[in-house]
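Asks: In our numbering, the protein residues as written are 836 to 1150. Glycine included, each C-beta is placed from N, C-alpha and C at the ideal position. Okay, handing you the structure first.
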Amino acid sequence: MLNFYKTQDGRLAQVDGLEPGCWVSLVTPTEEELAQVRDALEIEDEYLRAALDEEETSRLEVDEGQTLIIADIPVSEEENGKMMFTTLPFGIIVTRDNVVTVSLKPNPILSDITSGRGCKGVNTALKTRLVLQILLRAAGRYLFDLRQIDKMSSRVERELYKSLKNKELIQLLTMEKSLVYFTTSLKSTEATLEKLLRGRILKFSEEDQELLEDVIIEFKQAIEMADIYSSILSGTMDAFASVISNNLNIIMKVLTVITILMTVPNVVFSFYGMNTDLPIFTIPGTSIPSYWLPIVLAVVFTGVSWLFMKKRNLL
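Written as structure tokens, this is what we have:
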């Protein structure tokens, strides 16, 4: 999808075609759209296709008056009724008269900017300012998604307190995986921003300089949040793994005790299966039926075994 945006009368509006000072947005572009932008703005084909590679890392390049910024941005997708978080490369190309963005998939950052949510005062004629506003919105989206992950992990933890099931542990593992992706992407993008700040590759006004510093601060804050949430989540998973292991040990101990206690009556009753002279009908000198003798002995020996294990804290 190819769209053109330009600030008119103080508002960001979509225009029909390419104009000087407009923002060119490519989302899941076709070959025809890539060729159209490449030929119109004389952009390196490598620059346009860089963000279409999911394995592309964050970097900064300058060549013949064109600047390429690859930044990792957060995206969320619903899979099997569960929200999944990951990152994708996002390309920003600054030419002489335009800013071109390339995204492999639709993402909320672009929709936030075009709709005016969370990003006001966009002026496409100020190319450097527009680039920084896009990056600032990306940092804000990281912070938002990190809070969502924290809320999801808290909810899963409450479910784990009620029932220790594999499903909840797998959800925690998935969230920890998302945090690893976020941390790696945030650090690489933050390094790219530091390079942009030191290199003076783009022309910065004093206000742009302050905005870039704000963007770097936001990314550093997101890195700290991701590290904290990842540590908490890792500790939580270790704790619940220990609880599950302890519960398994308790179950095994109980089963072992039950097996031992059930063995005692079997030992007593097994004497009746031997070729031994035993009273058949009654116990000598009494009118008590003889079958009560092994039952009483089994109960007594079982009780003694139970008391012994109770005293040794085996129960």
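Here's the rule I'm using: 16 or more other beta-carbon atoms within 10 Å means buried, otherwise exposed. How should Asn1101 be labelled?
Replies: Start at 1 with the first residue of the sequence shown, and residue 1101 comes out as number 266. With fewer than 16 Cβ atoms within 10 Å of its Cβ, Asn1101 is classed as exposed.
Asks: Indicate whether Thr963 and Lys1030 have their beta-carbon atoms separated by less than 9 Å.
Replies: Mapped onto the sequence shown, residue 963 falls at position 128. Mapped onto the sequence shown, residue 1030 falls at position 195. Cβ distance not < 9 Å, so Thr963 and Lys1030 don't count as in contact.
Asks: The alpha helix (DSSP H) that contains Leu965, what's its start and end?
Replies: Stepping through the sequence shown from its first residue, residue 965 is reached at position 130. First-last of the alpha helix (DSSP H) with Leu965: 962 to 997.
Asks: Helix, strand or coil for Ile878, going by three-state DSSP, please let me know.
Replies: Position 43 of the sequence shown, counting from 1, holds the residue named residue 878. Correct three-state label for Ile878: coil.
Asks: Relative to the C-alpha of Ile1079, which candidate in Leu1096, Met1010, Glu1003 has its C-alpha closest?
Replies: Taking the sequence shown and counting its residues from 1, one reaches residue 1079 at position 244. The option with the nearest alpha carbon to Ile1079 is Glu1003.
Asks: Please confirm whether Leu1032 has its beta-carbon closer than 9 Å to some beta-carbon of chain B.
Replies: The structure shown has no chain B; it contains just one protein chain.
Asks: From Glu1041, Leu981, Leu1007, Glu994, pick the residue whose C-alpha is nearest to that of Thr1018; which is it?
Replies: Along the sequence shown, one-based indexing puts residue 1018 at 183. Thr1018 has its Cα closest to that of Leu981, out of Glu1041, Leu981, Leu1007, Glu994.
Asks: Between the C-alpha atoms of Ala1057 and Arg976, what's the straight-line distance to the nearest angstrom?
Replies: Here residue 1057 is taken as the residue at index 222 of the sequence shown, counted from 1. Here residue 976 is taken as the residue at index 141 of the sequence shown, counted from 1. Their Cα atoms are separated by approximately 10 Å.
Asks: Name the two residues that bound the continuous beta strand (DSSP E) containing Phe925.
Replies: Position 90 of the sequence shown, counted from the first residue, corresponds to residue 925. First-last of the beta strand (DSSP E) with Phe925: 917 to 929.
Asks: Rank Pro864, Leu995, Asp844 by C-alpha distance to the C-alpha of Asn838 and give the top, closest one.
Replies: Along the sequence shown, one-based indexing puts residue 838 at 3. For Asn838, the nearest C-alpha among the options comes from Pro864.
Asks: In whole angstroms, give me the CA-to-CA distance for Gly926 and Ser1069.
Replies: Taking the first residue of the sequence shown as 1, we reach residue 926 at position 91. Taking the first residue of the sequence shown as 1, we reach residue 1069 at position 234. Taking the straight line joining both Cα atoms gives about 32 Å.
Asks: Within 10 Å of its beta-carbon, does Lys1146 have 16 or more other beta-carbons around it, so buried, or fewer, so exposed?
Replies: By 1-based counting over the sequence shown, the position of residue 1146 is 311. Its Cβ having fewer than 16 others within 10 Å, Lys1146 is exposed.
Asks: Just reading off the alpha helix (DSSP H) that Ser1007 is part of, what are its end residues?
Replies: Mapped onto the sequence shown, residue 1007 falls at position 172. It is worth fixing the name first, because residue 1007 is Leu in this sequence and not Ser. Run containing Leu1007: 1001 to 1034, per the alpha helix (DSSP H) assignment.
Asks: Can you look up Arg894 in the DSSP assignment and give me helix, strand or coil?
Replies: Within the sequence shown, numbered from 1, the residue matching residue 894 stands at position 59. Strand, per DSSP.
Asks: Quick check on the burial criterion: 16 or more other C-beta atoms within 10 angstroms. Buried or exposed for Leu1008?
Replies: Locating residue 1008 in the sequence shown gives position 173, where the first residue counts as 1. Looking at its Cβ environment, which holds fewer than 16 other Cβ atoms inside 10 Å, Leu1008 is exposed.
Asks: Between which two residues does the alpha helix (DSSP H) carrying Leu945 extend?
Replies: Taking the sequence shown and counting its residues from 1, one reaches residue 945 at position 110. Per DSSP, Leu945 belongs to the alpha helix (DSSP H) from 943 to 950.
Asks: Could you please give the first and the last residue of the uninterrupted beta strand (DSSP E) stretch that includes Pro909?
Replies: Position 74 of the sequence shown, counting from 1, holds the residue named residue 909. Segment 901 to 914, the beta strand (DSSP E) holding Pro909.
Asks: Please name the residue, chosen from Glu914, Ser911, Glu881, that lies closest to Ile904 on a Cα-to-Cα basis.
Replies: Locating residue 904 in the sequence shown gives position 69, where the first residue counts as 1. With distances taken between Cα atoms, Ile904 lies closest to Glu881.
Asks: Who are Trp858's beta bridge partners in DSSP?
Replies: Locating residue 858 in the sequence shown gives position 23, counting from the first residue. Tyr840, Val934.
Asks: Quick check on this structure: which residue in Gln1006, Thr1098, Thr930, Ala870 has the alpha carbon closest to the alpha carbon of Lys917?
Replies: Translated into positions along the sequence shown, residue 917 becomes position 82. Minimum Cα distance to Lys917 is reached at Gln1006.
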